[in-house]
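Student: Can you read through this structure? Questions will come right after.
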Amino acid sequence: MAKRGAQEPLDVGAESPASKKAKIQDALEDELPPPPPEQDSVANGANGHAAADVAGLAGASAARQAELEKLEAIDQEDEAADDDNDEPAVRAQQRLPDQRYSDLYLDTISRKNLDFDFEKLCSVTLGNINIYACLVCGKYFAGRGPKTPAYFHALEIGHHVYIHMETKKVYVLPEGYEVKNKSLDDIKYVVDPKFSPEEVKSIDRRKPGEEEGRRESWDLWGKKYVPGFVGMNNIKANDYLNVVVQALAHVPPLRNFFLLEDFSTRPQLPQRFSTLVRKIWNPRAFKSHVSPHELIQEISLRSSKKFLLTSQADPIEFLSWFLNHLHLSLGGSKTKPQTSLIQKTFQGSLRVESQTITAHADVTDRLRFEGNPDTIRSQTSPFLILTLDLPPAPLFQDGVEAKNIIPQIPLTKVLEKYNGIATQERLNTRMRYRLLAPLPPFLIMHVKRFQPNKFLGSQRNPTIVTFHPRGLDMRPFVERPEGEQEGQQEPLLYDLVANITYEGVKVRDDSVEGEAERKVWKAQVREGGATKGPGGEGGHGGPQWWEMQDLFVDRTNGELLSTKESYIMVWERRRKGSGKGGGGKSG
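In this note's numbering, each number is its position in the sequence shown, counted from 1, plus 26.
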């Protein structure tokens with residue numbers, strides 16, 4: 027039964043597809059001559075001629091059959107070749123879409139939703155392998171192939187643009203093709219900022235007459251910020267880590283190293299710290315603050331949960347742990363000195379003398395304690411941090427003025443611990459300390475404010491250490507070389523780079539002890555190089571100071587730095603011939 031034809035042609039108004047191969051039978055019918063007409067051999071009476079015609083027809087049929095088989099074999103080979111090329115053609119189509127549709131979903135990207143500071147974990151499987159970030163909602167997903175969380179997210183929610191967090195390549199899902207568009211370069215830069223040597227050199231360089239606000243940048247919300255002086259998110263109780271990172275990020279040799287070095291093949295600790303430092307100094311950031319979440323997760327893992335984002339810790343304990351583990355992660359040795367940038371920047375040496383104290387009775391039967399000169403032992407010990415001891419706080423307040431008098435002491439007085447003359451007694455041993463030359467380029471000083479107390483756990487000493495941020499002379503505390511007289515020595519000046527302060531805030535509670543004290547840590551860091559000119563602190567050409575407490579960032583006066591309870595100080599050794607006009611001394 028014949029099929030009924032369509033009322034209207036189906037190809038009206040549509041472009042005809044590419045012509046396909048004609049059938050072999052149709053081609054043969056066009057090429058071969060038609061068969062001769064049939065003749066009645068009996069009617070014509072030509073039996074001999076009929077036999078000859080039948081023989082000729084049989085030969086022509088055999089030739090025609092052979093040619094048919096040959097053409098069919100060629101056709102089968104062509105079809106097999108076409109079938110093999112079908113799948114690569116589809117994959118090539120996915121990899122290289124039509125140029126008109128390559129930016130089809132780029133208008134759905136929401137840059138205000140993007141936050142690449144958190145740890146790269148899939149929000150569905152919590153895996154950390156092959157992580158993509160959705161550029162529409164900012165969430166992390168694993169994979170981009172079928173049956174992966176990113177693929178299902180694209181189908182269910184309709185978010186189509188994703189970036190790989192390691193390769194920085196952008197893909198459109200579920201189609202799976204890569205997008206190469208220059209409008210995405212700002213997102214790739216925020217994911218992993220990169221700096222050139224010229225950009226790093228210009229960080230501390232300020233031209234004469236340069237305006238103060240020239241280095242300011244703006245985030246997506248139109249808020250101004252200065253790269254390098256941005257707030258850090260306090261997730262719960264990680265402010266002790268924030269102040270340490272802020273201080274280390276402004277030590278020029280350490281900062282330049284982590285801005286320029288490639289840590290892709292290094293351990294996770296220096297790699298994540300480098301990423302955080304580069305985000306702090308990012309001049310094209312989407313937001314004017316950063317989060318240390320990714321770094322603190324690695325620190326929590328490496329420290330066996332000693333330093334967490336949910337509980338407070340001592341900044342000096344964390345700083346000591348962090349510097350030592352950075353030293354080992356960068357290939358430093360546990361026994362040999364000066365084997366990494368950490369030790370070359372902060373490590374010095376001091377001479378420690380110990381003398382045994384003996385007790386004996388004199389003529390009047392009075393007990394006396396004297397040092398035995400025969401038991402003096404001397405040894406050289408390396409250090410990364412200098413500990414400064416405060417005098418005991420007064421037990422009673424001033425009864426005349428009836429005020430809370432806060433005791434003060436100059437920094438040079440506290441540093442006399444290292445002049446080689448002052449002694450400290452520990453059990454039955456008398457100790458003396460003396461710094462040895464050469465001193466490191468940067469000195470880290472720790473003001474020991476907290477003492478263990480069996481009733482309160484720890485007791486704070488509120489004594490204020492006064493100092494000038496420029497021109498601290500360390501020469502009186504360094505041992506003189508043999509044959510050199512005291513008058514021949516040049517001053518060994520240091521300038522303050524960062525200052526971490528402590529502040530106790532009273533919190534009301536229902537405990538028997540009364541009001542509890544909440545610890546508040548702040549970082550005061552210097553902007554610009556040390557002693558750029560003879561101007562005073564905060565004047566034109568001199569360094570500016572910033573005070574940062576978590577997300578709060580504000581300028582401060584350099585003369586007011588010593589009015590806070592300093593806890594950790596970082597000092598930079600002044601290069602010879604610089605800052606001759608601003609050599610104020612501490613105290």
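The beta-carbon is built from N, C-alpha and C at its ideal position, and this holds for glycine as well.
What's the C-alpha gap between D521 and R552?
Tutor: 10 Å
Student: Quick check: the stretch 375-384 against the stretch 297-307, are there 3 or more CB pairs under 8 Å?
Tutor: no
Student: In terms of alpha-carbon separation, which member of I447, P569, L130, Y166 lies closest to L147?
Tutor: Y166
Student: E145 and E320 - do their beta-carbons sit closer together than 9 Å?
Tutor: yes
Student: Quick check: the Cα distance between D580 and E573, rounded to an integer number of angstroms?
Tutor: 6 Å
Student: As a quick exercise: from Q373, I411, G358, A168, pick the residue whose alpha carbon is nearest that of P341.
Tutor: I411
Student: Keeping to the same chain, check which residues put their C-beta closer than 6 Å to that of T134; ignore five residues upstream and five downstream.
Tutor: V162
Student: For A168 versus V196, is the C-beta spacing smaller than 9 Å?
Tutor: No, the Cβ-Cβ distance between A168 and V196 is not below 9 Å.
Student: Check each candidate in N282, L367, L352 and name the one with the smallest Cα separation from I297.
Tutor: The amino acid at residue 297 is misidentified as Ile; the sequence shows Gln. Relative to the Cα of Q297, the nearest Cα in the group N282, L367, L352 belongs to L352.
Student: Return the CA-CA distance between A176 and E192, expressed in angstroms with no decimal places.
Tutor: 16 Å
Student: Taking the straight line between their C-alpha atoms, what separation do you get for V531 and L421?
Tutor: 21 Å
Student: Of all the options T438, P278, I155, which has the alpha carbon lying nearest to the alpha carbon of H190?
Tutor: I155
Student: Contact defined as beta carbons within less than 8 Å: I believe P253 pairs with W307. What is the distance between those atoms, to the nearest angstrom?
Tutor: With 8 Å as the limit, P253 and W307 qualify as a contact, their Cβ atoms being about 5 Å apart.
Student: Are the CB atoms of I594 and A273 within a distance shorter than 9 Å?
Tutor: yes
Student: Going residue by residue through the stretch 484-509, where are the continuous beta strand (DSSP E) segments of at least 3 residues, counting only ones entirely within it?
Tutor: 490-492
Student: Quick one: any contact between the stretch 312-332 and the stretch 242-260, if contact means 3 or more CB pairs under 8 Å?
Tutor: yes
Student: Quick one: residues in its chain with C-beta nearer than 7 Å to the C-beta of P478, no 5 flanking neighbours on either side, listed in chain order?
Tutor: S484
Student: For the alpha helix (DSSP H) holding S326, just list the boundary residues, first then last.
Tutor: 319-328
Student: Could you give the C-beta distance for S355 and R292, rounded to a whole number, given that I count them as a contact under 8 Å?
Tutor: With 8 Å as the limit, S355 and R292 qualify as a contact, their Cβ atoms being about 7 Å apart.
Student: Straight-line CA distance for K558 to V491?
Tutor: With a pLDDT of 44 at K558, under the threshold of 50, the modelled position of this residue cannot be trusted; read the value that follows with caution. For K558 and V491, the distance between alpha carbons rounds to 26 Å.
Student: L587 and N525: beta carbons closer than 9 Å?
Tutor: yes
Student: Label V212 either buried or exposed according to how many other C-beta atoms from any shown protein chain fall within 10 Å of its C-beta, with 16 as the threshold for buried.
Tutor: According to the sequence provided, residue 212 is Asp. The question's Val does not apply to it. Burial call: exposed.
Student: Whole angstroms is fine: what's the gap from I261's alpha carbon to A385's?
Tutor: 55 Å
Student: Alpha carbon to alpha carbon, what distance is there between T527 and L15?
Tutor: Shown here, the chain extends from 27 to 613; a query on residue 15 therefore has no answer.
Student: Run through the stretch 417-475 for me and flag every whole beta strand (DSSP E) of 3 or more residues, listed as ranges in chain order.
Tutor: Taken in chain order, the complete beta strand (DSSP E) segments of 3 residues or longer contained in the stretch 417-475 are 434-436, 450-452, 455-461, 468-474.
Student: Any idea if A78 is buried or exposed, counting beta-carbon neighbours within 10 angstroms, 16 or more meaning buried?
Tutor: For A78, the predicted model reports a pLDDT of 43, less than 50, meaning its position is unreliable; a value from the coordinates is still stated below. So A78 ends up on the exposed side.
Student: What are the residues that DSSP puts in a beta bridge with C160?
Tutor: Y188
Student: Taking R403 as the reference, which of R170, A275, R456, R600 has the closest Cα?
Tutor: R456
Student: Which residues bound the beta strand (DSSP E) around W571?
Tutor: Residues 570-575.
Student: For W547 versus D265, is the C-beta distance shorter than 9 Å?
Tutor: yes
Student: Name the two residues that bound the continuous beta strand (DSSP E) containing N525.
Tutor: 519-533
Student: Determine whether the beta carbon atoms of F322 and L367 lie at a separation below 9 Å.
Tutor: The residue asked about is misnamed: residue 322 is Ile in this sequence, not Phe. For I322 and L367, no; Cβs fall outside 9 Å.
Student: Nearest to L577 by CA position, among I447, V256, A463, P172, is which residue?
Tutor: V256
Student: Pick out whichever of V523, L461, H494 has its Cα sitting closest to the Cα of P507.
Tutor: L461
Student: Classify W597 as helix, strand or coil using the three-state DSSP reduction.
Tutor: strand
Student: What whole-angstrom Cβ distance do V271 and F468 have, given they're in contact under 8 Å?
Tutor: Between F468 and V271 the Cβ distance is about 16 Å, and since that is not below 8 Å, they are no contact.
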